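Residue numbers (this note's numbering), protein chains in the order written: chain A, 1 to 200; chain B, 1001 to 1256.
Notes to accompany the following structure.
Shown next, in the form of structure tokens:
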């Protein structure tokens, strides 16, 4: 049994090692740390809260049994996201006759987390909605790589791991996806002049 | 460069959009995962039954068992599992010998491809080079999604399989906790492990029995064609063909 010195939170690597030794509670802590990104990943694919929850839950269960295969020097996040993505895609295929919910831009004032992040504030709502509509009109592969890279903010290496493709492929696919997005969204997105900020 | 700048602008805008997307509240997943694992591990004192989550262990079992079989030659009974298919090596053939041939109603209800896709919990995949299947059948199993059976007429590139009127037969089996199909091989039947698109598989050449566990009981078929079995994602594929091993694997790798 491993002592937890001074109740400090265990590092990810420690939790993984404990999980490999069969410590289900340690694994539960790991699930807690990644549940948000796992659920969001699944939701971006399934567009159903119920399916996303099932996919994330099943993925974590499967990942526990496969954790011996996880290599310590790698990052857990893309590894689990790949499993989550597979689960979510399987659910999407089995429910393909059902319409998913369209993604929406959150109402700034209605968010539980009170207020926009600086990143979110960089664009007005109307532009975001138009851009989202353009992203949604892309084919599935383009949408996926854009969602992983920018919506989930995975690095290129993490995106590659999560999608099961080579990092070089991420670069080229992303470039093509952005080209196609720009065709559908030709608006000028260059940063605005800092006039408003000067007013404040 | 203008292109680079435009890409930087759109990348920044996409990050802003991503930070503004509305998601449903994240459910509390950890307690359910812990409860599920705790229950499962308590109920199964040994290694849990190899569901899909356990494919690495199953792969180890599969490869190890195959190695033992190859080393020990034919005088050995064994049991291998790949996906929803269990392979048993038997010393003597079952009696009486099977009379079912894999054709017509014996394959299950005949449906359209669209009906099959609606009925199963996994994507039905096809080898595009063969064109649309001649027949599509659904074989109900005691639990879970039905098995999809796709058949194609023979053509010059895909000769008729001995004993049945088809040139190609592709069976797609859903992931289940227990096998829904069994292959009984005599020790003299050639089989070996192969790789199909990076996944584990088996190549079986020579007459053997296929036992399909349907909702109406077990159906036993005599198989005389070559069979390639492999697992991909949540689906187990069984390709029956008169093609040689390399050609069969090449065909299997086009299935998507």
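Ideal Cβ positions, reconstructed from N, Cα and C, are used throughout, including at glycine.
This one's a predicted model, so the numbers in the text were calculated from it and none came from an experiment.
- Query: Any beta-carbon of chain A closer than 9 Å to the one on residue 972 of chain B?
  - Reply: No answer is possible for residue 972 of chain B: it lies beyond the span of chain B, which begins at 1001 and ends at 1256.
- Query: Between residue 31 of chain A and residue 1108 of chain B, what straight-line distance do the alpha-carbon atoms span, to the nearest angstrom?
  - Reply: 42 Å
- Task: Would you identify the three-state DSSP class for residue 1039 of chain B, choosing helix, strand or coil?
- Result: helix
- In chain order, what residues of the same chain lie with their CB nearer than 6 Å to the CB of residue 27 of chain A, ignoring the 5 residues before and after it? 19 and 64
- Query: Applying the criterion that 16 or more other CB atoms from any shown protein chain within 10 Å of the CB defines a buried residue, is residue 1314 of chain B buried or exposed?
  - Reply: One cannot answer for residue 1314 of chain B here, as it falls past the ends of chain B, which runs 1001 to 1256.
- Task: Please compile the residues from chain B whose C-beta is within a distance smaller than 7 Å of the C-beta of residue 146 of chain A.
- Result: 1014
- Task: Round the Cβ separation of residue 1234 of chain B and residue 1146 of chain B to the nearest angstrom and send it over; I've been treating them as touching at under 8 Å.
- Result: Contact doesn't hold; Cβ gap of about 14 Å is too wide.
- Neighbour-count burial assignment, residue 1133 of chain B, 16 or more Cβ in a 10 Å radius: buried
- Roughly how many angstroms separate the alpha carbons of residue 1239 of chain B and residue 1128 of chain B, rounded to a whole number? 14 Å
- Query: Excluding sequence positions up to five away, which residues of its chain have a Cβ less than 7 Å from the Cβ of residue 44 of chain A?
  - Reply: 147 and 151
- Message: Under DSSP, the alpha helix (DSSP H) around residue 129 of chain A begins and ends at which residues?
- Response: 125 to 136
- Message: Just verifying my parser: in three-state terms, what is the DSSP assignment at residue 1265 of chain B?
- Response: Residue 1265 of chain B falls outside the range modelled here, since chain B spans only 1001 to 1256, and no answer is possible.
- Query: Would you call the stretch 134 to 145 of chain A and the stretch 165 to 177 of chain A touching, i.e. three or more CB-CB distances under 8 Å?
  - Reply: yes
- Environment of residue 1031 of chain B [buried if 16+ CB atoms lie within 10 Å]: exposed
- Message: I want to check one thing, is the minimum distance from the CB of residue 37 of chain A to the heavy atoms of the ligand MG below 8 Å?
- Response: Looking for the ligand MG in the displayed structure turns up nothing, as the structure carries no ligands at all.
- Beta bridge counterpart(s) of residue 1201 of chain B as assigned by DSSP: B:1194 and B:1230
- Task: State the CB to CB distance for the pair residue 136 of chain A and residue 102 of chain A, rounded to an integer number of angstroms; the pair is presumed to be in contact (CB under 8 Å).
- Result: 7 Å
- Task: Indicate the three-state DSSP secondary structure (helix, strand or coil) for residue 158 of chain A in the structure shown.
- Result: helix
- Query: Name the chain B residues whose beta carbon is nearer than 7 Å to that of residue 35 of chain A?
  - Reply: 1026, 1029 and 1030
- Taking only beta-carbon positions, decide if residue 77 of chain A is within less than 9 Å of chain B. no
- Could you tell me whether the Cβ atoms of residue 86 of chain A and residue 59 of chain A are closer together than 9 Å? yes
- Query: Do the CB positions of residue 53 of chain A and residue 39 of chain A come within less than 9 Å of each other?
  - Reply: yes
- Item | Coarse secondary structure for residue 185 of chain A, derived from DSSP in three states | coil
- Please report the residue range of the beta strand (DSSP E) in which residue 1112 of chain B lies. Careful: residue 1112 of chain B lies outside any beta strand (DSSP E) and carries neither H nor E.
- Cβ of residue 127 of chain A less than 9 Å from any chain B Cβ? yes
- Message: List, in chain order, every chain A residue whose beta-carbon is nearer than 7 Å to that of residue 1006 of chain B.
- Response: 182
- Task: Measure from the alpha carbon of residue 1210 of chain B to the alpha carbon of each residue in B:1225, B:1201 and B:1199, then state which is nearest.
- Result: B:1225
- Do you know whose CA, among B:1033, B:1241, B:1230 and B:1135, lies nearest residue 1192 of chain B's CA? B:1230
- Could you have a look at residue 1222 of chain B and say whether DSSP puts it in helix, strand or coil? strand
- Query: Cα separation between residue 1246 of chain B and residue 1166 of chain B?
  - Reply: 20 Å
- What do you get for residue 48 of chain A, buried or exposed, if any count of 16 or more other CB atoms within 10 angstroms of its CB means buried? buried
- Query: Going by DSSP, what residues sit across from residue 1135 of chain B in a beta bridge?
  - Reply: B:1151
- Message: Would residue 1243 of chain B pass as an interface residue toward chain A - the criterion being a Cβ-Cβ separation below 9 Å?
- Response: no
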